[in-house]
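Quick notes on the structure that follows.
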Amino acid sequence: MARQLFRDAMLQTITSVLDGFGLLVFATSGALVASRKQMDIVGFALLGTVTGIGGGTLRDVLLGLTPVFWIQTPATLVICVAVSCLVFFTAHIPQSRLRLLLWFDAIGLALFAVTGAERALLAGAGPVAAVTMGVITATFGGIIRDVLGGESPMILAHEIYVTAALLGAAVFIGCVTAGVPHEVALISGFLAGFALRGAALHFGWSLPRYRPRAERE
Amino acid sequence: MARQLFRDAMLQTITSVLDGFGLLVFATSGALVASRKQMDIVGFALLGTVTGIGGGTLRDVLLGLTPVFWIQTPATLVICVAVSCLVFFTAHIPQSRLRLLLWFDAIGLALFAVTGAERALLAGAGPVAAVTMGVITATFGGIIRDVLGGESPMILAHEIYVTAALLGAAVFIGCVTAGVPHEVALISGFLAGFALRGAALHFGWSLPRYRPRAERE
Amino acid sequence: MARQLFRDAMLQTITSVLDGFGLLVFATSGALVASRKQMDIVGFALLGTVTGIGGGTLRDVLLGLTPVFWIQTPATLVICVAVSCLVFFTAHIPQSRLRLLLWFDAIGLALFAVTGAERALLAGAGPVAAVTMGVITATFGGIIRDVLGGESPMILAHEIYVTAALLGAAVFIGCVTAGVPHEVALISGFLAGFALRGAALHFGWSLPRYRPRAERE
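Residue numbers (my numbering), protein chains in the order written: chain A, 1 to 217; chain B, 1001 to 1217; chain C, 2001 to 2217.
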């Protein structure tokens, strides 16, 4: 009994830590886009916050879990704004802000794919819907970031991107369905998603693209 | 009594068939945009699914019918993905993918205008709100498709587009208000919307555009 | 007791008037963008309506106040469409439609920042979330307007924009927290937001922008 309570508390902690970390890295990625566009500090705060909370907000809205999460935990907003302001004063230090942006985005992608799928499961979604929700949670923040920041959406990059979110969410849901302990499933899903996205970034992996008529003949 | 049950079941069937068909044609239109952008198969699945479920998802969110429909019927997602993959392997066959895209979009537009308005009615909306919801359901999937696919949104085309959705939804609501049997109203609305959009496509119809000051004088 | 009822009724009236006025000016701004793009009358109605109701719709969805407001009060939609049609026939009269657009947008921004924050308060949000909701309500309609109309989003303008919404919402919430009478808080928040945005427009004020590495050394 006490052991069960302890496990539940630990699980809750793991999810919160993963979710909080996803928030941090996505907020940073949003602020980095703001730095590439030479925005002012309010633009940093805006793009950082929208990127950090965007995916989870859409997830909550689609699942009907309203008011959405950051209305109940305003600390979320404060963290996003604080991180964005920090980036405003330090983003000139790294050699390549684009490289940094891509890797932060990759970590956030893998984290939110897993925690998004988990929140959907808890809300009663089946496996297919939960995987989809993981992909949505992982990619939506980055989509708004890129649309508002006037960058070409990373989701359309020819490197493997959505596929990595899909893999992460699917591995997590597969593990849960197979009866693997929940915390192991969370970590496995994250590692699978991040490994694939990281490899795609490092090696420039991509899937074969559609070839129109002329090229086939 | 038995007759009433039979009628309800038939009506339900008609709506489901129209809705399912709308899903198919919109998913196809999304995959066709992916083919025009030479995406990979995941891009096809993504754009097809988003286009297929986009309008209905926004409709459910605005009406407060959450979790949204595809969380309860994940088959929806499977169908969208399957259709998109099919397009990936066959889209080189038709002579003009753009022509095909426009006509599939037109069918989806007319179908969702009617089923969107109906779902709003069932959720308790009045006639004006129901017509609006029909237009939103009909056009939103295509908007996301075009924004994500980097095409100029069809909603802004100078051919008659939103007007056709408006007509379809208004004819349906008009028929229902006038006491016409529900299934006749559904079909009439669809035919009206599709006829107008089809004629606009075929004859290049458009409404008069706004003329600024210089041209007036 | 009677006095309390009178005050409540008056407060309700003030909020409704502010909200209705925000709807009008934002719908006008949407129709003005349509005029700049030489759309047809349906395009005017669409862009006007989306701009008018966009911010409040997102606010209601995030707070879980569904069906969203205009489903219950379809008059809202009728007003937006009517205003947009009026603009279609009169927009050639003013000398500069862009100037007019900027000022109408400024009024709407300040109005919705305050009424959005208030609706969030009533729905039980804390001060940080309420200010955020004010900013979202104030800016989202304009974002959709600019994205659909193919204009560069005003939210990314280097003039002070989001900052003005933030100030308006924060002044309102600050006043409420400090125990200032509600109607005074509403008006103060509006005036603060509008004054800042107006000054930024008039004097071309902007915040310092991020300077990348090269420029620092």
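Idealized CB from N, CA, C, for every residue including glycine. Values in this document were obtained by computation on a predicted structure and should not be read as measured data.
Legend entry - Contacting positions in the stretch 15-46 of chain A - beta carbon closer than 9 Å to chain C: Cβ proximity to chain C below 9 Å picks out 34, 35, 36, 37, 38, 39, 40, 41, 42, 43, 44, 45 and 46 from the stretch 15-46 of chain A.
Legend entry - According to DSSP, residues forming a beta bridge with residue 1003 of chain B: For residue 1003 of chain B, which the question treats as bridged, DSSP gives no partner whatsoever.
Legend entry - Straight-line gap, residue 1036 of chain B to residue 126 of chain A (C-alpha atoms, nearest Å): Using only the alpha carbons, I get a separation of about 33 Å.
Legend entry - Three-pair Cβ contact test at 8 Å for the stretch 1197-1207 of chain B versus the stretch 2036-2046 of chain C: Segments in contact, yes.
Inset, instruction - Look at the alpha carbon of residue 2034 of chain C and the alpha carbon of residue 199 of chain A, and state the distance between them as a whole number of angstroms. - result: Going by the C-alpha atoms only, they are around 46 Å apart.
Inset, instruction - Return no unless some Cβ of chain B is closer than 9 Å to the Cβ of residue 2097 of chain C. - result: So yes, residue 2097 of chain C belongs to the interface.
Legend entry - Proximity below 9 Å, CB of residue 1059 of chain B to CB of residue 1120 of chain B: One thing to note: residue 1059 of chain B has its Cβ within 9 Å of the Cβ of residue 1120 of chain B.
Legend entry - Interface partners of residue 88 of chain A on chain C, CB under 7 Å: 2210, listed in chain order.
Legend entry - Rounded Cβ spacing between residue 1114 of chain B and residue 1172 of chain B (contact assumed at less than 8 Å): About 5 Å separates the beta carbons of residue 1114 of chain B and residue 1172 of chain B, which is inside the 8 Å limit, making them a contact pair.
Legend entry - C-beta neighbour in chain A for residue 1071 of chain B, strict 9 Å: Yes - at least one Cβ of chain A is within 9 Å of the one on residue 1071 of chain B.
Inset, instruction - Pull up the DSSP beta-bridge partners for residue 1209 of chain B, would you. - result: Residue pairing from DSSP places residue 1209 of chain B in a beta bridge opposite C:2040.
Legend entry - Residue from A:136, A:93, A:29 and A:144 whose Cα sits closest to the Cα of residue 105 of chain A: The shortest Cα separation from residue 105 of chain A among A:136, A:93, A:29 and A:144 belongs to A:29.
Legend entry - Burial state of residue 2153 of chain C (16 or more Cβ within 10 Å): Buried: at least 16 other Cβ atoms inside 10 Å.
Legend entry - Pairwise C-alpha distance: residue 1070 of chain B and residue 1076 of chain B: Residue 1076 of chain B and residue 1070 of chain B have their C-alpha atoms roughly 6 Å apart.
Legend entry - Complete alpha helix (DSSP H) runs within the stretch 2131-2165 of chain C (minimum length 4 residues, chain order): Counting whole runs of 4 or more residues, the stretch 2131-2165 of chain C contains no alpha helix (DSSP H) stretch at all.
Legend entry - Which listed residue (A:2, A:32 and A:6) has its alpha carbon closest to that of residue 103 of chain A: Of the listed residues, the one whose Cα sits closest to residue 103 of chain A is A:32.
Inset, instruction - Answer with yes or no whether the minimum CB distance from residue 1128 of chain B to chain A is below 9 Å. - result: Residue 1128 of chain B does not count as touching chain A.
Inset, instruction - Identify the contact partners of residue 2153 of chain C in chain A, using a Cβ-Cβ distance below 8 Å as the criterion. - result: Correct list: 148.
Legend entry - CB contact below 9 Å: residue 132 of chain A versus chain B: Chain B contact via Cβ: present.
Inset, instruction - Leaving out five residues on either side along the sequence, give the residues of the same chain with a beta carbon under 7 Å from the beta carbon of residue 1117 of chain B. - result: Result list for residue 1117 of chain B: 1130, 1131, 1133, 1134, 1169, 1172 and 1173, in chain order.
Legend entry - Host alpha helix (DSSP H) of residue 2068 of chain C (start-end): Unbroken run through residue 2068 of chain C: none, as it is neither H nor E.
Legend entry - Where residue 2094 of chain C falls: helix, strand or coil (DSSP): Secondary structure at residue 2094 of chain C: coil, using DSSP grouped into helix, strand and coil.
Inset, instruction - Return no unless some Cβ of chain B is closer than 9 Å to the Cβ of residue 124 of chain A. - result: Chain B contact via Cβ: present.
Inset, instruction - Would you mind sorting residue 84 of chain A into buried or exposed? The rule is 16 or more other CB atoms within 10 Å of its CB. - result: Per the 10 Å Cβ criterion, buried.
Inset, instruction - Kindly indicate which residue of C:2136, C:2038, C:2161 and C:2203 has the alpha-carbon position closest to the one of residue 2149 of chain C. - result: Looking from the CA of residue 2149 of chain C, the closest CA among C:2136, C:2038, C:2161 and C:2203 belongs to C:2038.
Inset, instruction - Following the continuous alpha helix (DSSP H) through residue 192 of chain A, name the residue where it begins and the one where it ends. - result: For residue 192 of chain A, the uninterrupted alpha helix (DSSP H) segment begins and ends at 182-203.
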